[in-house]
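Now the structure itself:
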């Protein structure tokens with residue numbers, strides 16, 4: 022094998038060498054400090070990985086709570102809150118800390134997300150100073166635990182249709198919170214079954230008999246450890262994973278809270294019962310409120326990418342230890358990673374993990390800038406929301422796929438709990454659903470792209486068609502340029518005219534980018550055409566939408582993949598010349614070409630790939646896998662997953 | 022929606038109606054009786070689904086053992102053994118019983134597989150009358166528990182490389198069993214950690230200093246509940262799933278067993294120490310021994326298909342209850358299954374499940390015939406082995422994919438343990454690995470197809486190249502005809518000459534079959550060419566093989582999919598005209614076209630699909646989904662999964 026591997030060098034390829042610590046610096050970026058703090062905390066508390074198996078549900082929930090409080094004391098979990106209340110005042114650092122925490126037990130991660138991201142985030146972003154002063158200091162330390170009561174049994178993604186009601190009683194100057202029917206009970210609420218004292222409850226606000234839409238209220242659900250009067254809490258019981266998080270169901274039977282319990286940053290009710298808001302349009306008001314919660318999606322997407330790193334680190338290290346079947350020549354069995362198939366299974370996933378890591382850097386930076394700015398930049402906020410939705414979907418699906426592939430690549434050993442995949446798989450499974458179902462999120466992304474067409478196809482909004490595309494967040498234009506202009510822009514990218522892409526080198530990143538841009542923009546124009554045709558024919562908009570829904574998802578997917586590739590290419594270009602730059606260049610090519618390869622049918626169907634070129638891409642992916650193979654261990658080591666988090670003594674020890 | 026749905030009828034399509042009990046009869050076939058017995062037993066013991074969550078590992082293992090013994094008493098688990106020892110004397114029925122058991126808790130299923138399939142099967146097929154008389158009566162009742170000690174820590178798929186040694190001591194007329202090094206310890210062995218009294222141990226037989234290859238021995242591992250002297254047993258501990266099965270590791274430190282402990286159907290050692298076998302070629306002898314164990318693969322493949330049925334039944338029923346987002350017209354939220362995307366996610370999987378069900382019927386029948394025959398039919402046995410390997414791989418990957426898609430399609434509710442997916446996912450995960458890793462099995466399938474080339478490329482065997490394709494079972498020719506003849510045969514299938522397939526109706530099953538046959542045979546010829554080219558260039562065979570390994574897997578996959586489609590088409594054709602036949606016809610079209618669609622890039626690359634036709638296939642898949650949508654609940658009901666096995670009160674109740 023060795024002789025054959027070096028033969029690649031003869032053909033002009035110089036095998037790069039990786040400087041692992043330097044590559045870790047590139048990956049950790051400006052947040053190396055907080056990431057190292059989290060790594061150290063993970064190692065300190067590494068026993069939780071075994072405790073997750075050994076303890077019963079009740080004991081494990083308490084253990085996870087204690088761990089969350091212990092980590093809070095190090096400052097790790099409070100980075101996103103203002104300094105005056107005991108936080109770290111650095112939103113980007115809070116995301117980086119959360120991402121890094123995903124190397125460890127995921128119940129701890131999710132409990133941190135519930136307490137500081139969802140509950141704390143709602144108090145911070147939807148509340149005003151009176152709420153901040155009252156709650157932030159104690160919630161940052163974990164002394165005050167809370168939950169985020171949005172989802173209902175009958176309403177997950179469609180938040181505008183929630184059934185819980187908060188009626189204002191002007192005489193008492195109180196809100197009366199009521200669960201109307203079983204479908205309206207709050208469900209799957211983390212921290213609800215056991216630890217939350219307060220809940221941020223999302224409910225339809227009724228003032229003077231008039232519905233003002235969904236608003237958030239602070240409602241005590243436990244007093245001195247006992248469930249509060251009028252509140253009923255059920256335990257959601259055992260789950261596929263994350264059994265250290267106490268999910269539960271909450272019903273409210275006319276629970277009264279004072280007028281000040283309304284989180285009133287965007288809307289308020291006067292003592293006399295007059296509804297007031299700085300945002301006139303109720304639809305826009307709703308999405309503005311929800312939009313402040315985008316941080317959860319950015320966090321979960323990044324956590325998904327880091328879950329993938331843990332799985333790939335184990336599978337890669339195993340594949341350079343484990344031998345199976347003889348090589349013909351010498352009688353020794355061959356290492357798994359020297360098989361072409363095994364390279365094909367793991368290495369494009371390593372490349373995609375790097376790509377998603379750098380894409381996560383971009384969205385984290387956007388989030389940090391939007392939320393650190395003193396003035397609101399609405400278009401930047403919309404861009405962030407769409408991007409967060411898209412990277413969350415791709416990052417979490419990637420985690421599910423990678424964990425499965427890596428478990429299978431470790432065979433029977435991968436099935437033993439001690440070897441980590443059991444927890445990784447069970448705990449991360451829900452990532453594709455919570456903080457927004459991935460399919461709904463991609464429709465949200467597509468809506469952002471389509472909304473631009475509203476002026477051309479004004480019937481779209483009249484028929485309520487765009488509402489079908491999603492009920493969530495992004496409501497305005499994502500891209501300023503018209504699609505026709507975009508297509509021209511793509512042509513501008515092809516230096517040799519319209520046929521350039523059929524001649525360009527496969528390893529030319531301009532070619533790779535042009536391919537993904539063309540796909541996205543062609544899909545956008547095609548989808549708009551289909552929608553318009555349906556409307557022109559006066560068809561039922563629900564049916565029209567249902568029939569193009571696969572195109573909607575494909576468009577969003579193409580859009581996000583283009584953003585991911587741009588992030589990777591930009592990153593590689595920004596690095597000074599070095600072995601690391603060369604290695605990342607190989608990896609970026611592998612990501613780009615394996616992405617094009619996976620959708621090569623579409624490119625052929627749309628005249629962007631000849632049969633010959635399509636086959637050449639598959640050959641090049643194989644060739645890139647062989648070039649990346651000698652770098653594989655360094656590439657996974659550079660992620661800096663603490664050895665204690667890999668566990669897996671039989672696989673990597 | 023209703024008005025739009027019936028508009029399909031206006032275009033000539035008559036929506037069929039399904040007779041559910043009659044369709045269940047078609048599915049259950051000749052084994053309706055044993056399947057209903059198993060269904061009844063599952064319902065009787067339905068509480069095990071909750072106990073799997075509630076009991077600790079030790080208690081659950083005992084509970085599962087008790088259940089296995091209780092089921093054995095009904096005759097359900099002994100169908101495959103001869104009547105004279107207390108069995109049912111019907112091998113096909115034993116497979117059908119096992120498949121049906123997969124509707125329930127999978128620890129019970131796997132423990133049944135270990136005890137009666139692996140341990141009992143080894144005694145039956147590798148032993149002779151002395152072993153049958155000594156062990157079968159008690160193992161059939163479950164009084165005598167045993168384990169199947171083949172896999173070692175360092176050797177899974179490559180059984181010929183096992184490290185355990187059985188040396189014959191002629192003076193004592195005993196075999197001495199020894200574990201040579203950590204990599205040779207038996208590992209992941211079901212029943213080993215707790216319940217097995219006997220082990221069938223696979224070890225390298227040494228007689229008079231000469232190695233005779235791997236043979237099987239009956240070795241007591243526990244005596245009166247205590248681990249036997251010289252035997253060391255460790256517990257494999259908690260696993261991702263199947264925690265009702267006590268997997269463990271076994272080491273042997275010079276354990277002595279009498280000469281009669283050798284399972285001597287195919288080879289024996291005389292008291293004086295002379296090795297004798299009715300099969301001269303050691304390679305052939307090894308594969309003949311292993312080949313008798315093919316039943317395990319047939320069982321696991323069928324179990325995978327039935328796991329998929331449970332998941333799809335839950336997700337389909339949920340999708341016709343759950344509403345999400347408003348339809349534009351009437352203010353009521355729309356059912357999930359009326360969304361085009363949701364149809365796309367679930368209905369092709371329903372179609373593939375039916376296809377794999379009927380393919381399983383074929384392989385089960387082949388198994389029954391081969392093992393019920395009074396004379397050995399070697400070619401039939403080889404065909405069976407290849408087919409079993411292929412359907413096992415596709416059936417178990419299907420299970421993994423379906424369970425994941427269905428969990429996601431049930432959102433957060435799908436994550437709660439009470440809703441079944443937690444156990445389905447964790448327990449079935451290992452199906453892709455045990456009884457042969459799926460990738461290794463597909464290489465085995467490909468080897469069968471390739472071996473035919475050996476006469477043309479005789480260097481293949483000299484270079485040991487074929488050995489790389491797999492170390493397992495099939496060793497001789499699968500197909501008699503040469504590839505060139507096969508290609509001619511395909512052309513004969515195209516009535517209008519070579520271009521017929523570009524004009525034929527997409528819903529013509531001859532067209533669909535011709536496409537899958539063409540793909541397979543083109544891949545076979547192409548792979549043989551690549552291998553020959555590598556050999557002609559005197560390249561390292563290991564490297565040549567590594568570089569074509571993705572083609573090897575693709576070929577095998579194409580081969581098995583062709584067999585699956587043939588089974589489905591044959592089944593539909595065999596039915597009398599009825600609504601059921603029409604419904605299965607739609608489903609068969611959906612399976613065929615979604616299969617072609619998934620690989621449409623290949624068909625375009627190889628000139629078998631124009632761009633226009635490729636797009637037409639995607640449109641037709643969408644249209645078929647809409648036609649199947651009204652039949653979906655009947656289609657999943659016809660599988661006859663007992664309601665108690667669906668559990669999921671919130672999703673289907």
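Chains as they are written, first to last, in our numbering: chain A, 22 to 674; chain B, 22 to 674. The C-beta atom is built at its ideal place from N, Cα and C for all residues, glycine as well.
| query | Hey, would you say residue 103 of chain A sits closer than 9 Å to residue 110 of chain A, going by beta carbons? | reply | The answer is yes: Cβ separation under 9 Å.
| query | What does residue 339 of chain B reach in chain A if we use C-beta pairs closer than 9 Å? | reply | Residues of chain A passing the Cβ test: none, with the nearest at roughly 12 Å.
| request: Examine the Cβ distances between the stretch 219–228 of chain A and the stretch 188–200 of chain A and report whether three or more of them are shorter than 8 Å. | output: Pairwise C-beta distances place the stretch 219–228 of chain A in contact with the stretch 188–200 of chain A, as three or more of them are shorter than 8 Å.
| task | Determine, using beta carbons only, whether residue 362 of chain A comes closer than 9 Å to chain B. | result | At least one chain B Cβ lies under 9 Å of residue 362 of chain A.
| field | Residue-chain proximity (residue 499 of chain B, chain A), Cβ-Cβ < 9 Å | value | Its pLDDT being 29, under 50, residue 499 of chain B is placed unreliably in this model, and the value from its coordinates should be taken loosely. Judged by the 9 Å Cβ criterion, residue 499 of chain B is not in contact with chain A.
| Sufficient close CB pairs (3 or more, under 8 Å) joining the stretch 639–657 of chain B to the stretch 332–344 of chain B | Taking 8 Å as the limit for Cβ pairs, the verdict is that the stretch 332–344 of chain B does touch the stretch 639–657 of chain B.
| message | Using beta carbons (cut-off 9 Å, strictly below), is residue 346 of chain A in contact with chain B? | response | Contacts with chain B at 9 Å (Cβ-Cβ) include residue 346 of chain A.
| query | Can you list the residues of chain A that residue 460 of chain B reaches, using a CB-CB cut of under 7 Å? | reply | Listed along chain A, the residues sitting closer than 7 Å to residue 460 of chain B by beta-carbon distance are 362.
| said: According to DSSP, residue 210 of chain B sits in a beta bridge with which residue or residues? | reply: Paired residue(s): B:269.
| field | 9 Å Cβ cutoff, residue 616 of chain A in contact with chain B | value | With 9 Å as the cut-off, residue 616 of chain A does not count as an interface residue toward chain B.
| task | Kindly indicate if chain A contains any beta-carbon less than 9 Å away from that of residue 480 of chain B. | result | Because the pLDDT of residue 480 of chain B is 44, which lies under 50, any placement of that residue in the model is unreliable, and the number read from its coordinates should be weighed accordingly. Not one chain A Cβ lies under 9 Å of residue 480 of chain B.
| said: Considering only their Cβ atoms, is the gap separating residue 328 of chain B from residue 410 of chain B smaller than 9 Å? | reply: Their beta carbons are not under 9 Å apart, which means residue 410 of chain B does not touch residue 328 of chain B by this criterion.
| message | Judging by CA-CA distance, which residue of A:132, A:375, A:283 is the nearest neighbour of residue 649 of chain A? | response | For residue 649 of chain A, the nearest C-alpha among the options comes from A:375.
| request: Report buried or exposed for residue 676 of chain B, applying the criterion of at least 16 other Cβ atoms within 10 angstroms of its Cβ. | output: Any property of residue 676 of chain B remains undetermined from this structure, which presents chain B solely from 22 to 674.
| query | Given that residue 447 of chain B touches chain A, what residues does it touch there, using C-beta distances under 8 Å? | reply | Result: 261, 443, 446, 447.
| In chain B, which residues lie less than 7 Å from residue 570 of chain A when you measure between Cβ atoms? | One finds 360, 361, 362 in chain B with Cβ atoms closer than 7 Å to the Cβ of residue 570 of chain A, taken in chain order.
| task | Give the straight-line distance between the Cα atoms of residue 563 of chain A and residue 345 of chain B, rounded to the nearest whole angstrom. | result | Cα to Cα, the separation comes out at about 12 Å.
| message | In the DSSP output, what is residue 301 of chain B paired with across the bridge? | response | Per DSSP, none; premise fails for residue 301 of chain B.
| Should residue 664 of chain B be labelled buried (16 or more other beta-carbon atoms within 10 Å of its own) or exposed? | With fewer than 16 other Cβ atoms within 10 Å, it is exposed.
| task | Indicate the three-state DSSP secondary structure (helix, strand or coil) for residue 648 of chain B in the structure shown. | result | Secondary structure of residue 648 of chain B (DSSP, three-state): helix.
| field | C-alpha gap between residue 206 of chain B and residue 240 of chain B, whole angstroms | value | Straight-line Cα distance between these residues: approximately 15 Å.
| request: Using the DSSP secondary-structure output, state which residues sit across from residue 232 of chain A in a beta bridge. | output: A:227.
| said: Against chain A, which members of the stretch 552–580 of chain B pass a CB distance test of less than 7 Å? | reply: Listed by position along the chain: 561, 562, 563, 564, 567, 568, 570, 571, 574.
| request: Just mark residue 164 of chain B as buried or exposed, buried being the case when its beta carbon has 16 or more other beta carbons within 10 Å. | output: Classification of residue 164 of chain B: exposed, given that the 10 Å Cβ count is below 16.
| request: Give the secondary structure of residue 510 of chain A by DSSP, where H, G and I count as helix, E and B as strand, and everything else as coil. | output: Residue confidence is low: residue 510 of chain A scores 49 on pLDDT, short of 50, so the model does not pin down where it sits. Its coordinate-derived value is still stated next. Looking at residue 510 of chain A - three-state DSSP - the assignment turns out to be helix.
| query | Could one say the Cβ of residue 536 of chain A lies closer than 9 Å to chain B's Cβ atoms, at least one of them? | reply | Chain B, which has no Cβ nearer than 9 Å to the Cβ of residue 536 of chain A, makes this no.
| task | Please state whether DSSP places residue 452 of chain B in a helix, a strand or coil. | result | Of the three classes helix, strand and coil, the one that applies to residue 452 of chain B here is helix, per DSSP.
| task | Could you name the residues of chain B that residue 128 of chain A contacts, counting a contact when the two beta carbons are closer than 7 Å? | result | Those do not exist, as residue 128 of chain A stays about 13 Å from chain B at its closest Cβ, beyond 7 Å.
| task | Could you tell me whether the Cβ of residue 636 of chain A comes closer than 9 Å to any Cβ of chain B? | result | Chain B contact via Cβ: present.
| How many angstroms separate the CA atom of residue 406 of chain A from the CA atom of residue 396 of chain A? | Approximately 17 Å, taken between the alpha carbons.
| field | Check whether residue 215 of chain B and residue 366 of chain B have beta carbons under 9 Å apart | value | 9 Å or more divides the Cβ of residue 215 of chain B from the Cβ of residue 366 of chain B.
| Relative to the C-alpha of residue 470 of chain A, which residue among A:647, A:256, A:541 is closest? | Closest option to residue 470 of chain A, Cα to Cα, is A:541.
| query | Taking just the CA atoms, how far does residue 575 of chain A sit from residue 495 of chain A? | reply | Below a pLDDT of 50, predicted positions are generally treated as unreliable, and residue 495 of chain A, at 28, falls in that range; the measurement from the model is reported next regardless. Rounded to the nearest angstrom, the gap between the Cα atoms of residue 495 of chain A and residue 575 of chain A is 18 Å.
| said: From the DSSP secondary-structure annotation, give me the bridge partner or partners of residue 619 of chain B. | reply: Per DSSP, none; premise fails for residue 619 of chain B.
| field | Candidates A:378, A:404, A:610, A:643, of which the one nearest residue 388 of chain A by Cα | value | Considering only alpha carbons, the answer is A:404.
| task | For residue 438 of chain B, return the contacting residues in chain A, with the cut-off set at a CB-CB distance below 8 Å. | result | Those are 258, 259, 260, 261, listed as they occur along chain A.
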